[in-house]
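What follows is a set of notes on a single structure, which appears directly below.
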Amino acid sequence: MPEPVILFAAKTERWEVYEAPLRAALAEAGLGGATLTTEAAPEEVDYVVYAPNSGLSDFTPFTRLKAVLNLWAGVEDVTGNKTLKVPLARMVDGGLTEGMVEWVTGHVLRHHLRIDMYLHGQDGVWRAGTAPPLARDRTVAVLGLGELGSACARMLAALNFRVLGWSRSPKEIAGVECLHGAAGLDAALGRAEIVVLLLPKTPATENTLNARTLALLPRGAVIINPGRGPLIDDEALLAALDAGRVGHATLDVFRTEPLPPEHPYWAHPNVTVTPHIASETRAASAARVIVENIRRGEAGEPFLHLVDRVAGY
Ligand code: NAP
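For the sequence shown, my numbering gives the first residue as 61, with consecutive numbering after it.
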């Protein structure tokens, strides 16, 4: 059987990061003879390793394509591509998950322990008797219980937080009270002192946090969004922050990225902006995930991490 041709379609700086790990992973998987390239005649390509910002959007000439292997976990920029008629796999990478667990845990602990109060409140007043509650007395809701959300929920549960989780389908996770569906969302938000958003961007998840659902939160609740910007109605969040109904929002993702300098989030005293850095795929582990799918494709085995194009994630 001829060795597969793999087109790497992503920005040049990504090629510099991924070329060596991909070649190493191919050799490790017994696919050292494969052609891995950034330029190929489309009709000769078997697999596209893909970043949606690569400039490639018309897959029509790729007549022999077996799969598109996304470099990113989020696939909202690909699912609607009508020229893509082969299986689409998204990135599920242990390094990405580990990074997200660390980022989410850090930001939850920041608010749980009221770290800001001590960072910014060195005013000479000794306020005794203000120890933070234990995690067991703090309720955190994790919206989205996929690869990333479930790992974060497990870590928060391991730290003893009361963890509520919410997903589309019913789930069972040890130490996590799992809810689903519209009623489940309202129930979770009604109790959540800290809300972590790890939903994908789909038509069904847009504005999950809006004026109505934000009003369900206990007063002063904290929002942490490393999911996607459109999960939140920005106007509604700003109004809830100004009214003190939401105590703080830590936002890593936005409808427009980079977040424009004039956006009110930058200057808001109760908003922390981070520049979409919550976590990223790590080339060494991600390369193995991609190559495992190529190996499977060549062996006629089912691909891993396939995207449900109808559900949009
Ligand atoms: P995933 O494995 O596909 O999980 C998605 C979760 O969301 C699932 O639990 C799913 O429910 C739930 N969900 C989807 N639609 C829903 C709906 N309408 N109602 C309720 N729940 C719904 O995704 P993941 O790998 O965990 O990644 C989640 C998101 O994180 C990505 O899509 C991406 O946007 C974001 N992300 C951000 C960064 C960053 O650096 N900021 C990095 C990586 C990823 P079911 O379990 O029932 O299917």
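We treat Cβ as the ideally placed atom computed from N, Cα and C, and that holds for glycine. Source: prediction; values computed, not measured.
Residue pairing of residue 277 in beta bridges, as defined by DSSP: absent, with no partner found. A check of alpha carbon separations from residue 341 across 307, 156, 74 and 94 identifies 156 as the nearest.
The Cβ-Cβ distance between residue 324 and residue 298 falls below 7 Å.
Membership of residue 85 in the alpha helix (DSSP H) is indicated by the continuous run 72-88.
Nearest to residue 330 by C-alpha distance, out of 185, 314 and 307, is 307.
In this structure, the beta-carbon distance from residue 207 to residue 256 does not fall below 7 Å.
Looking only at 288, 328, 286 and 289, the smallest Cα-Cα distance to residue 301 is reached by 328. Counting along the chain, residue 92 sits inside no alpha helix (DSSP H), nor does DSSP assign it H or E at all. The region 88-107 and the region 347-367 touch, with no fewer than 3 CB-CB distances between them shorter than 8 Å. In this structure, residue 318 has its CB at a distance of at least 6 Å from all heavy atoms of the ligand NAP. By the neighbour-count criterion, in which a residue is buried when 16 or more other Cβ atoms sit within 10 angstroms of its Cβ, residue 142 is exposed. Where residue 237 is concerned, the enclosing beta strand (DSSP E) starts and stops at 236-240.
In the same chain as residue 126, and ignoring 5 residues on each side of it, the C-beta atoms closer than 7 Å to its own belong to 106, 107, 146 and 357, in chain order. If you ignore the 5 residues before and after residue 203, its C-beta comes within less than 6 Å of the C-beta of 226, 257 and 259, all in its own chain and listed in chain order.
Between residue 332 and residue 316, the C-beta gap is not smaller than 7 Å, which leaves the two residues out of contact.
For the pair residue 72 and residue 138, the Cα-to-Cα distance works out to about 20 Å. In this structure, the alpha-carbon of residue 312 lies about 14 Å from that of residue 168. Within the chosen limit of 6 Å, the ligand NAP does not reach the beta carbon of residue 173 with any heavy atom. In the DSSP assignment, residue 222 falls within the unbroken beta strand (DSSP E) covering 222-227. In the DSSP secondary-structure assignment, residue 107 is bridged to 66 and 127.
Note that the C-beta distance between residue 287 and residue 314 is not below 7 Å. Nearest C-alpha to residue 159 among 292, 338, 359 and 344: 338.
Nearest Cα to residue 193 within the set 200, 173, 205 and 223: 173. Annotated three-state conformation of residue 248 is helix, per DSSP. Bounds of the alpha helix (DSSP H) holding residue 359 are 343-359.
Taking C-beta atoms as the reference points, residue 200 and residue 217 fail to come closer than 7 Å.
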